[in-house]
Amino acid sequence: MLEALFESSRTTKRIISLIYDTVAIVTAFYAAAFLRLGTFNSQFLDKDVTVIAITLVVSLAVFIRMGMYRAILRYMSTPAMLTIVGCVFISALVLATASFLTQSRLPRSIPFIYLTIALLLIGAPRLMVRSVIMMLNRRSVDLKEPVIVYGAGYTGHQLTLALQGSQYKPVAFVDDNPALHRTVVANIKVYSPKMIEALIRTHRVSKVLLALGSTPNSRRAQVIKRLESLAISVQTVPAIPDILSGKARIEHIKDVEIEDLLGRDPVSSQPELMAANITDKVVMVTGAGGSIGSELCRQIIQHRPRAIVLFELNEFSLYQIERELQETSEFRTNHINLYSILGSVQKEHRVETIMRSFGVQTVYHAAAYKHVPLVEHNIVEGVRNNVYGTWYTAEAAIRAGVESFVLVSTDKAVRPTNIMGASKRLAELVLQGLAKRQNTTIFSMVRFGNVLGSSGSVVPLFREQIKNGGPVTVTHPEMVRYFMTIPEAAKLVIQAGAIGTGGDVFVLDMGEPVKIVDLATRMIHLSGLEIKDEDRPNGDIEVEFTGLRPGEKLYEELLIGSNVSGTQHPGILRAEEHHLSWEETKNLLDDLDVACHAYQCDRVKQLLVEAPTDYKASMLISDSVWRQKQNTGKLRVVN
11 MLEALFESSR
21 TTKRIISLIY
31 DTVAIVTAFY
41 AAAFLRLGTF
51 NSQFLDKDVT
61 VIAITLVVSL
71 AVFIRMGMYR
81 AILRYMSTPA
91 MLTIVGCVFI
101 SALVLATASF
111 LTQSRLPRSI
121 PFIYLTIALL
131 LIGAPRLMVR
141 SVIMMLNRRS
151 VDLKEPVIVY
161 GAGYTGHQLT
171 LALQGSQYKP
181 VAFVDDNPAL
191 HRTVVANIKV
201 YSPKMIEALI
211 RTHRVSKVLL
221 ALGSTPNSRR
231 AQVIKRLESL
241 AISVQTVPAI
251 PDILSGKARI
261 EHIKDVEIED
271 LLGRDPVSSQ
281 PELMAANITD
291 KVVMVTGAGG
301 SIGSELCRQI
311 IQHRPRAIVL
321 FELNEFSLYQ
331 IERELQETSE
341 FRTNHINLYS
351 ILGSVQKEHR
361 VETIMRSFGV
371 QTVYHAAAYK
381 HVPLVEHNIV
391 EGVRNNVYGT
401 WYTAEAAIRA
411 GVESFVLVST
421 DKAVRPTNIM
431 GASKRLAELV
441 LQGLAKRQNT
451 TIFSMVRFGN
461 VLGSSGSVVP
471 LFREQIKNGG
481 PVTVTHPEMV
491 RYFMTIPEAA
501 KLVIQAGAIG
511 TGGDVFVLDM
521 GEPVKIVDLA
531 TRMIHLSGLE
541 IKDEDRPNGD
551 IEVEFTGLRP
561 GEKLYEELLI
571 GSNVSGTQHP
581 GILRAEEHHL
591 SWEETKNLLD
601 DLDVACHAYQ
611 CDRVKQLLVE
621 APTDYKASML
631 ISDSVWRQKQ
641 NTGKLRVVN
């Protein structure tokens with residue numbers, strides 16, 4: 011019952027306090043009269059209802075006005091208790107004044123007796139409740155999970171304050187700054203990082219909370235690497251910009267972000283490039299509900315476009331990004347027009363109609379099938395969407411007078427070993443051919459590696475597998491990949507588009523490649539778990555190697571040749587690569603269209619190999635429909 015009372019709303023508690031004080035004032039008055047007169051049947055009491063009524067109403071009004079019901083009992087301090095004394099003193103003064111003004115025959119000593127009793131009835135219970143709460147809190151603190159806070163600066167201090175009512179009990183600060191060692195912050199001692207192992211043993215800590223504020227990613231990575239060997243769970247507070255903007259609260263503890271593990275500081279943006287193709291323009295994003303497309307929309311809306319056309323095949327994804335953008339301050343403040351359009355990039359006439367209707371000036375083409383194994387099992391649809399969807403959208407853009415068209419490409423387009431990569435390389439060739447054919451629309455292609463947290467990324471997969479107790483599945487012990495955060499990739503795509511002059515292939519600086527098995531191992535360690543293998547049979551999580559899937563490579567590349575030049579942005583390079591004339595490209599597209607229409611997957615692969623895509627195709631055809639056709643010997647072609 012006490013717990014239910016303590017957990018009730020502030021309004022409920024205030025009402026209960028008000029009712030209690032009403033009873034206490036009346037009780038104090040009659041108790042004072044009884045002590046002075048020795049009886050409740052006095053001739054005075056029946057005639058002094060007016061006095062007690064005035065005292066009650068005025069006293070409660072004074073209590074409310076002086077903020078007596080705003081004080082939180084568990085945090086009640088000396089000033090709050092002095093407020094109670096002052097309120098009760100005023101109540102006694104009101105009683106004496108009312109008695110005098112109504113010419114009551116109450117003895118003059120009653121207000122003094124009333125003052126003593128009212129103080130006991132109103133003040134003492136509050137002190138008792140406060141003591142009970144503190145006792146319960148002390149018990150709950152003993153049950154809380156002890157944690158070490160890494161970072162004793164502003165963020166760490168705010169974190170400890172925010173954790174007071176949580177499941178965590180900070181037992182020590184650890185900080186790299188020697189000037190803070192052996193000092194006390196928020197009643198918690200600060201230690202050197204060298205002491206962290208001893209602190210973990212002493213306090214039986216199983217979790218470290220990182221409160222590093224705006225520390226660069228490279229420095230955060232060093233701290234995290236130091237903690238990896240301790241088999242302790244490591245979590246972090248949200249980024250300071252997210253806290254300041256209201257997107258997150260400091261007590262929202264979360265798992266360490268993978269960008270912290272990479273130790274790669276994002277390349278800074280150039281405002282003039284970010285705004286060049288967006289500010290006061292009508293911008294269209296195809297695949298607007300996808301991982302890259304949605305982030306492009308988030309970046310675009312921050313640079314005051316006149317309108318954004320969200321073009322997406324998936325209804326729910328479109329609804330999600332539309333709702334998110336409508337809730338941004340930029341949308342409300344800048345009165346940006348937002349148009350959510352359902353449709354497929356393979357419907358050329360509809361795409362052109364949309365572009366003409368809204369007067370689209372800039373297109374970011376992010377619509378594509380990107381999951382390598384799925385495209386291997388759906389060859390024709392992968393080629394249709396990635397190659398012809400790009401071609402049709404580009405042709406529509408030319409006829410609609412679009413100024414800039416940017417293709418979101420991939421590192422898998424470089425010497426591809428799968429249909430997805432080959433189709434994206436052919437999409438690049440299509441745009442390069444169109445760039446030579448006309449000069450109305452500036453076509454650019456931006457090529458980059460894996461983005462963290464995108465649909466199909468290994469990172470959320472590993473996290474889910476660790477949560478479920480494993481095993482964590484890695485295709486090959488030597489597999490490496492380039493990684494970049496989604497926001498950084500989107501910003502660089504926008505800036506590359508502004509640099510383009512026509513037919514440019516841009517490559518983003520992805521930093522150093524990351525070994526996938528190392529990434530999995532680090533994620534396991536930072537969850538406070540150990541690898542389970544032959545050397546450590548008592549470990550927690552196994553790493554299982556499943557073998558390369560159809561079309562997968564051990565490593566990815568960003569450049570086909572060595573002919574590369576810099577641009578005005580240090581994170582963006584321009585690649586000079588061989589491409590076809592438009593006539594050659596058109597002949598290839600016509601032949602490929604016939605093969606797709608007939609569902610000749612072998613012919614589709616052959617044409618992709620013969621094209622200048624450097625496609626290294628395997629003999630195996632994994633397309634599910636094709637294999638079924640081979641098994642049954644039947645495939646009906648429908649016009």
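When the sequence shown is numbered by this note's numbering, its final residue is 649 and no position is left out of the sequence of numbers. Using N, Cα and C, we set each Cβ at its ideal position, and we do this for glycine too. Every value quoted in this text rests on a predicted model; they were computed, and no experiment measured them.
{"query": "If you reduce the DSSP assignment to three classes, tell me which class glutamate 325 lands in.", "result": "helix"}
{"query": "With 16 other CB atoms within 10 Å as the buried threshold, where does arginine 230 fall?", "result": "buried"}
{"query": "Check whether the Cβ atoms of leucine 328 and glutamate 322 lie closer than 9 Å to each other.", "result": "yes"}
{"query": "For glutamate 552, which of Ser354, His607, Gly480 and Glu587 has the nearest alpha-carbon?", "result": "Gly480"}
{"query": "With burial defined as no fewer than 16 other Cβ atoms inside 10 Å of the residue's Cβ, what is the status of glutamine 232: buried or exposed?", "result": "exposed"}
{"query": "Once the 5 residues before and after arginine 447 are set aside, which same chain residues still bring their CB inside 6 Å of it?", "result": "Trp592"}
{"query": "Using the Cα positions of glutamate 544 and phenylalanine 415, report the straight-line distance between them to the nearest angstrom.", "result": "54 Å"}
{"query": "Around the C-beta of serine 634, are 16 or more other C-beta atoms found within 10 angstroms, so that it is buried, or is it exposed?", "result": "exposed"}
{"query": "At 3 residues or longer, what runs of the beta strand (DSSP E) sit wholly inside the region 322 to 368?", "result": "347 to 352"}
{"query": "Select from Ile331, Ala406, Tyr374 and Ala378 the residue whose C-alpha is nearest the C-alpha of glutamate 358.", "result": "Ala406"}
{"query": "For the beta strand (DSSP E) containing lysine 434, list its first residue and its last residue.", "result": "Careful: lysine 434 lies outside any beta strand (DSSP E), inside the alpha helix (DSSP H) at 429 to 447."}
{"query": "Can you tell me which residues form a DSSP beta bridge with leucine 125?", "result": "BP columns for leucine 125 are empty, so no partner."}
{"query": "Helix, strand or coil for arginine 192? Go by DSSP, reduced to three states.", "result": "coil"}
{"query": "Whose CA, out of Asn324, Glu413, Gln168 and Ala189, lies closest to the CA of alanine 286?", "result": "Glu413"}
{"query": "Between the region 424 to 438 and the region 610 to 623, do at least 3 Cβ pairs fall closer than 8 Å?", "result": "yes"}
{"query": "Going by C-alpha to C-alpha distance, which of Met533, Val456 and Ala530 sits closest to methionine 520?", "result": "Val456"}
{"query": "Which class does methionine 520 belong to by DSSP, given the choice of helix, strand or coil?", "result": "coil"}
{"query": "Please state whether DSSP places tyrosine 40 in a helix, a strand or coil.", "result": "helix"}
{"query": "In the DSSP assignment, find the beta strand (DSSP E) that holds arginine 409 and state where it starts and stops.", "result": "That residue, arginine 409, is in no beta strand (DSSP E); its alpha helix (DSSP H) goes 399 to 409."}
{"query": "Which residues bound the alpha helix (DSSP H) around proline 470?", "result": "468 to 477"}
{"query": "In the region 481 to 531, which residue ranges form an unbroken alpha helix (DSSP H) of at least 4 residues, counting only runs that do not cross its ends?", "result": "496 to 509"}
{"query": "What does threonine 296 pair with, by DSSP beta-bridge criteria?", "result": "Phe321 and His375"}
{"query": "So, is aspartate 600 buried or exposed, given that buried needs 16 or more other C-beta atoms within 10 angstroms?", "result": "exposed"}
{"query": "Do the region 494 to 502 and the region 188 to 206 touch if we need at least three Cβ pairs shorter than 8 Å?", "result": "no"}
{"query": "Label threonine 642 either buried or exposed according to how many other C-beta atoms from any shown protein chain fall within 10 Å of its C-beta, with 16 as the threshold for buried.", "result": "exposed"}
{"query": "If you compare alpha carbons, which of Glu586, Ile582, Ile127 and His213 is closest to serine 278?", "result": "Ile582"}
{"query": "Spatial neighbours of threonine 60 within its chain, please: CB distance less than 6 Å, with the 5 preceding and 5 following residues excluded, ordered by chain position.", "result": "Thr112"}
{"query": "Using 8 Å as the cut-off, can you tell me whether the region 470 to 477 makes contact with the region 510 to 518, which would need three or more C-beta pairs spanning the two stretches below that distance?", "result": "no"}
{"query": "With DSSP as the reference, identify every bridge partner of leucine 220, one or two as the case may be.", "result": "Tyr160 and Thr246"}
{"query": "Alpha carbon to alpha carbon, how far is phenylalanine 99 from proline 117? Give it in angstroms, no decimals.", "result": "18 Å"}
{"query": "In this structure, how does DSSP classify arginine 214 when only helix, strand and coil are distinguished?", "result": "coil"}
{"query": "If you compare alpha carbons, which of Leu237, Phe555, Leu598 and Asn187 is closest to threonine 485?", "result": "Phe555"}
{"query": "Does the beta-carbon of glycine 297 have 16 or more other beta-carbons within 10 angstroms, so that it is buried, or is it exposed?", "result": "buried"}
{"query": "Does the count of Cβ pairs from the region 601 to 617 and the region 530 to 547 closer than 8 Å reach three?", "result": "no"}
{"query": "Go ahead and pull the three-state DSSP assignment for serine 414.", "result": "strand"}
{"query": "Check for me: the alpha helix (DSSP H) holding proline 622 runs from which residue to which?", "result": "That residue, proline 622, is in no alpha helix (DSSP H); it is neither H nor E in DSSP."}
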